[in-house]
Amino acid sequence: MPLALEGKKAIVAEVSEAAKGALSVVVADSRGVTVEKMTGLRKQARENGVQLRVVRNTLARRALSGTPWECLNESFVGPTLLAFSTEHPGAAARLFKEFAKDEKNFEIKALAYEGELIPANDIDRLATLPTYDEAIAKLMSVMKEASAGKLVRTLAALRDQKQEQAA
């Protein structure tokens with residue numbers, strides 16, 4: 001059933017708005033995936049700060065024109081599922097990568113981060129990015145190790161100084 005012009009304008013506006021707030025975008029083809037599995041994917045997406053949209057290719061091109069995500073236009077062939085990561089740049093890539101492991105019919109077409117087109121086979125570039133909490137934990141462990149090492153060196157220097165004074 002064809003969409004009316006107003007409906008198309010609304011879809012373009014919604015997708016444009018989602019694109020403006022996105023940190024990264026992943027494009028996939030979900031042909032052959034059951035409705036039940038897609039419902040589960042949508043639920044996981046909401047929990048991870050990812051907005052999913054199934055959009056006609058011409059409307060997707062129009063919505064993303066003039067944005068950093070315009071580089072994805074070549075991947076809009078066949079059914080298109082767009083995932084906009086709004087809280088963490090790797091959230092959509094991580095979600096789709098995990099989903100594709102179980103669903104052989106689910107195909108990741110392309111990704112974009114900061115206006116750079118990333119081929120689907122390089123999904124790990126985004127999927128392995130640490131979350132904010134993981135990055136803070138790594139930083140804290142490095143700082144803890146550094147401060148512990150400094151403490152050990154200070155104690156060793158004090159020991160050496162006392163040994164020299166005793167000799």
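For the sequence shown, position 92 (counting from the first letter as 1) is numbered 92 according to full-length UniProt numbering, and the numbering increases by one without interruption. Yeah, the Cβ is synthetic: ideal placement off N, Cα and C, and Gly gets one too.
Per-residue DSSP class, three states only, for residue i
i	result
ILE108	strand
GLU36	helix
SER16	helix
ALA117	The sequence as given places Leu at residue 117; Ala does not occur at that position. Strand at LEU117.
SER65	coil
LEU129	coil
ALA4	coil
PHE99	helix
ILE123	coil
ALA167	coil
GLY149	helix
residue 177	Within the shown structure, residues of the chain are numbered from 1 to 167, placing residue 177 beyond reach of any answer.
ARG94	helix
ARG42	helix
From the options, residue whose alpha carbon lies closest to that of residue i
i	options	result
LYS97	CYS71, GLU116, PRO68 and LEU129	LEU129
ASP102	ALA18, LYS37 and ALA13	LYS37
ARG46	ILE118, HIS88 and ALA146	HIS88
GLY78	PRO119, ASN57, SER147 and THR131	ASN57
VAL114	VAL12, LEU72, LEU59 and LEU5	Looking at the sequence provided, one finds Glu at residue 114 rather than Val. Nearest of VAL12, LEU72, LEU59 and LEU5 to GLU114, Cα basis: LEU72.
SER65	ALA19, MET140 and ASP29	ALA19
GLU6	LEU139, PRO119 and LEU59	LEU59
LEU81	VAL142, ARG159 and ARG42	ARG42
VAL12	ASP29, ASP124, VAL35 and VAL54	VAL54
ALA10	ILE108, ALA148 and ARG62	ARG62
SER30	ILE118, PHE76, PRO68 and ALA146	PHE76
GLY32	ASN48, ALA22 and ASN105	ASN105
TYR132	ASP160, ALA91, ALA4 and ALA167	ALA91
VAL15	ALA135, GLU70, GLY40 and ASP122	GLU70
GLU74	ALA112, THR154, GLN51 and LEU52	ALA112
ILE108	GLN165, GLY49, VAL142 and ALA28	ALA28
DSSP bridge partner residues for residue i (one or two, in chain order)
i	result
GLN51	PHE84
ASP29	GLU107
SER141	SER141 pairs with nothing; no bridge assigned.
residue 176	A question about residue 176 goes unanswered here, because the residues of the chain that appear run from 1 up to 167.
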